[in-house]
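Peer 1:
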Amino acid sequence: MYKSNIKVFVAGDAILVEGKKFEFNSLVSYAIGKGECPIDALSWLAHTKAKHPDAGHISHWLSPSLSCLSLEPREQKAIRGVVAMGEMVQFEGRYFYLQKSSNHNVDLFDAGIVSSMFKTVN
856 MYKSNIKVFV
866 AGDAILVEGK
876 KFEFNSLVSY
886 AIGKGECPID
896 ALSWLAHTKA
906 KHPDAGHISH
916 WLSPSLSCLS
926 LEPREQKAIR
936 GVVAMGEMVQ
946 FEGRYFYLQK
956 SSNHNVDLFD
966 AGIVSSMFKT
976 VN
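Our numbering puts the first residue of the sequence shown at 856, with every later residue one more than the last.
1. Report yes if the C-beta distance between GLY953 and GLY941 is below 8 Å; otherwise report no.
2. Is it buried or exposed for MET856, if we count other Cβ within 10 angstroms and need 16 for buried?
3. For the alpha helix (DSSP H) containing SER898, list its first residue and its last residue.
4. Return the Cβ separation of GLN945 and VAL961 in integer angstroms, given the expectation that the two are a contact with Cβ distance under 8 Å.
5. So for ALA886, helix, strand or coil by DSSP?
6. Anyone know if the C-beta pair for ILE934 and ILE870 falls short of 8 Å?
7. Could you check the C-alpha separation between TYR950 and GLY967 for me, to the nearest Å?
8. Which residue or residues does DSSP assign as beta-bridge partners of GLN945?
9. Kindly indicate which residue of LEU900, LEU917, TRP916 has the alpha-carbon position closest to the one of ASP909.
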């Protein structure tokens, strides 16, 4: 399923949504960044979802990009794109729609995998 007009992002990319800055993150990128096995991290997530189905555990998310005052200059992340609410994006091999969350943040609604190469049969 190739969609030519879909914006593609990787973990750590910053975007603007309704004038607010957010960064893409995932359990896999977090595990790799901490020197942990991403496959173990996904296994932990599957186990946790089965044990606590209503806890809201997710594998991909957008984090608000926070600001702070500092005496030392810090490099700002470049904005990689402007994305509208409801727009579809590609991130780490999956398609997601951006949706407003109840706490004024943005949620990623999973819209499926990019390639069927590793798709599992249900």
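All residues carry an ideal CB built from backbone N, CA and C; glycine is no exception.
Being a predicted model, the structure only gives us computed values, none of them experimental.
Peer 2: The short version:
1. Along the sequence shown, read from residue 1 onward, the residue named residue 953 stands at position 98. Along the sequence shown, read from residue 1 onward, the residue named residue 941 stands at position 86. First, the amino acid is wrong: residue 953 is Leu here, not Gly. Yes, the Cβ-Cβ distance between LEU953 and GLY941 is below 8 Å.
2. Here residue 856 refers to the residue found at position 1 when the sequence shown is read from its first residue. Summary for MET856: the model assigns pLDDT 47, below 50, so the residue's position carries little reliability; its value from the coordinates is reported in the next sentence. By the neighbour-count rule (16 or more Cβ atoms within 10 Å), MET856 is not buried but exposed.
3. Counted from its first residue, the sequence shown places residue 898 at position 43. Secondary structure note for SER898: its alpha helix (DSSP H) is the uninterrupted segment 893 to 906.
4. As a first step, residue 945 is located in the sequence shown; it is residue number 90 there, counting from the start. As a first step, residue 961 is located in the sequence shown; it is residue number 106 there, counting from the start. About 16 Å; that fails the 8 Å criterion.
5. As a working mapping, residue 886 is identified with position 31 in the sequence shown. Helix, per DSSP.
6. Within the sequence shown, numbered from 1, the residue matching residue 934 stands at position 79. Within the sequence shown, numbered from 1, the residue matching residue 870 stands at position 15. Taking C-beta atoms as the reference points, ILE934 and ILE870 count as a pair closer than 8 Å.
7. Start at 1 with the first residue of the sequence shown, and residue 950 comes out as number 95. Start at 1 with the first residue of the sequence shown, and residue 967 comes out as number 112. Distance from the CA atom of TYR950 to the CA atom of GLY967, rounded to whole angstroms, is 5 Å.
8. Here the question's residue 945 lines up with position 90 in the sequence shown. Its beta-bridge partners are VAL863, TYR950.
9. Counted from its first residue, the sequence shown places residue 909 at position 54. Residue nearest to ASP909 within the set LEU900, LEU917, TRP916 is LEU900 (criterion: CA-CA distance).
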